[in-house]
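In our numbering, the protein residues as written are 439 to 634.
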């Protein structure tokens, strides 16, 4: 498992990939959504805790529920995206650890400390959101991750009575390349990195 990806694969995942803000009308199939999760679930998380939960919002009713929580700048691109993924995390993710981490009592690491449970769940669910973006690109989809929504409204509309809570949104589909923004600058190695 140590062979490097070729230049074309790196372009698909990183160097030529862009965050999308406009979409074609091409749909995303149920099969593609399932294939997407089948890739995402293999991304590593600490103690295999896998706290992320995903709601693939595609129906007009689901989009309307989401609309009232969106900032003005995110409304049109979300309403026109074939899929909007609510990336959430389960506040009681540790209840699955006897299944996900069977060779140790990992559940007990979190039941006594809400702060450690929160930090672990939020960090690892955010990591899983990154895996989702890369998996989407690997399957030929474009992605547009975003904040810019009222978390409490999303939680009330989609997660009432559960232990799930929203983290971020990711629009998925086939981007309208004629409407993609110019690439913004990135920090250079010496600006963002240190060797220790």
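Think of the CB as a built atom: it goes at the ideal place given N, C-alpha and C, for glycine as much as any other residue.
Nearest-angstrom Cα distance between residue 540 and residue 490? Spanning the two alpha carbons is a distance of roughly 19 Å.
In or out: residue 603 buried (at least 16 other Cβ within 10 Å) or exposed? Flag for residue 603 reads buried.
Ordered along the chain, which non-local residues of its own chain (more than five positions away) have a Cβ less than 8 Å from that of residue 615? Excluding sequence positions up to five before and after residue 615, its CB lies less than 8 Å from no other CB in the same chain.
Any heavy atom of the ligand MN within a distance shorter than 8 Å of the CB on residue 596? Summarising the ligand content, the structure contains no ligands, and the ligand MN is consequently not present.
If you drop the 5 nearest sequence neighbours on each side, which residues of the same chain put their C-beta closer than 8 Å to that of residue 505? Non-local C-beta neighbours of residue 505 in its own chain, meaning closer than 8 Å and more than five positions away in sequence, comprise 513, 516 and 517, ordered along the chain.
Could you tell me whether the segment 476-487 touches the segment 533-547, where touching means 3 or more Cβ pairs closer than 8 Å? Contact holds: three or more Cβ-Cβ distances are below 8 Å.
Unbroken alpha helix (DSSP H) run spanning residue 547, endpoints: Counting along the chain, the alpha helix (DSSP H) containing residue 547 begins and ends at 546-549.
At the level of alpha carbons, what is the spacing between residue 584 and residue 606? Rounded to whole angstroms, residue 584 to residue 606 spans 6 Å at the Cα level.
With distances taken Cα to Cα, identify the nearest neighbour of residue 458 among 448, 611, 482 and 630. Residue 458 has its Cα closest to that of 611, out of 448, 611, 482 and 630.
If you compare alpha carbons, which of 576, 582, 446 and 530 is closest to residue 557? Answer by Cα proximity: 530.
Going by beta carbon distance, what residues of the same chain come within less than 8 Å of residue 591, once the five residues before and after it are set aside? Result list for residue 591: 506 and 507, in chain order.
Do residue 494 and residue 471 have their beta-carbon atoms positioned less than 9 Å apart in this structure? Contact: yes.
How many Å lie between residue 669 and residue 559 at the Cα? Because the chain spans 439 through 634 in this model, residue 669 falls outside it and cannot be assessed.
Quick one: which unbroken beta strand (DSSP E) runs of 3-plus residues sit fully inside the segment 554-632? Chain order, please. If only complete runs of 3 or more residues are kept, the segment 554-632 shows the beta strand (DSSP E) at 580-584 and 602-611, in order along the chain.
Alpha helix (DSSP H) containing residue 518: first to last residue? Looking at the DSSP string, the run of the alpha helix (DSSP H) that includes residue 518 is 510-518.
Can you round the beta-carbon distance between residue 524 and residue 570 to whole angstroms, since I take them to be within the 8 Å contact cut? Between residue 570 and residue 524 the Cβ distance is about 11 Å, and since that is not below 8 Å, they are no contact.
If you compare alpha carbons, which of 444, 451 and 526 is closest to residue 577? Comparing Cα-Cα distances from residue 577 to each of 444, 451 and 526, the minimum goes to 451.
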